[in-house]
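Inspection log for the structure reproduced underneath, given as structure tokens.
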Amino acid sequence: VQLQASGGGSVQAGGSLRLSCAISASMHSLNTMGWYRQAPGKQRELVAAVTEGGPTNYADSVKGRFTISVDYAKNTVHLQMTSLKPEDTGVYYCNVDQLYQADKYVYWGQGTLVTVSS
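Rendered as structure tokens:
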């Protein structure tokens, strides 16, 4: 499975960006699809994730501002980010996993940089 993330950039606080992750596999073969981010000097953290047929989870810090969505027709996962804050700055990675028998296979995209200035 290959993931291609895009949509990062530089915006001022209060602005919006939409990240996209193009996935080479059938979406229905995936279990969880999500976005993580890594700020400078910090560990990678979950931003938002959706499980096939299950719930959508958001980090508390982005609830009400970010929305994850899945376009099954285009094999793409989006992250709509609004009301951006400087603390949202970081490299954003898309992430998917597949379940096969007793194993879970995890895949990462290459990351896209988001910079929010005050």
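For the sequence shown, the numbering used here assigns the number 1410 to the initial residue and increments by one for each residue that follows.
Even glycine gets a Cβ: it sits at the ideal position worked out from N, Cα and C.
Just reading off the beta strand (DSSP E) that V1479 is part of, what are its end residues? Per DSSP, V1479 belongs to the beta strand (DSSP E) from F1475 to D1480.
Does the count of Cβ pairs from the region 1470-1482 and the region 1514-1522 closer than 8 Å reach three? no
So I1477 and V1505 are supposed to be a Cβ contact under 8 Å. How far apart are they, rounded? That belief does not hold up - the Cβ atoms of I1477 and V1505 are roughly 12 Å apart, past 8 Å.
Inter-residue spacing [alpha-carbon to alpha-carbon] between A1448 and D1497: If you take the alpha carbons of A1448 and D1497, they lie about 8 Å apart.
Under 7 Å, do E1461 and N1440 count as touching if we go by C-beta distance? yes
Less than 7 Å separating the beta-carbons of V1420 and V1525? yes
Where does S1470 fall in DSSP's three states? coil
Report the rounded CA-to-CA distance for V1479 versus S1527, giving the unit in angstroms. 30 Å
For G1423 and L1488, which I take to be in contact (beta-carbon distance under 8 Å), what is that distance rounded to the nearest angstrom? Contact flag wrong, Cβ pair sits at about 17 Å.
In the structure shown, what three-state DSSP assignment does E1461 receive? Coil at E1461, not helix or strand.
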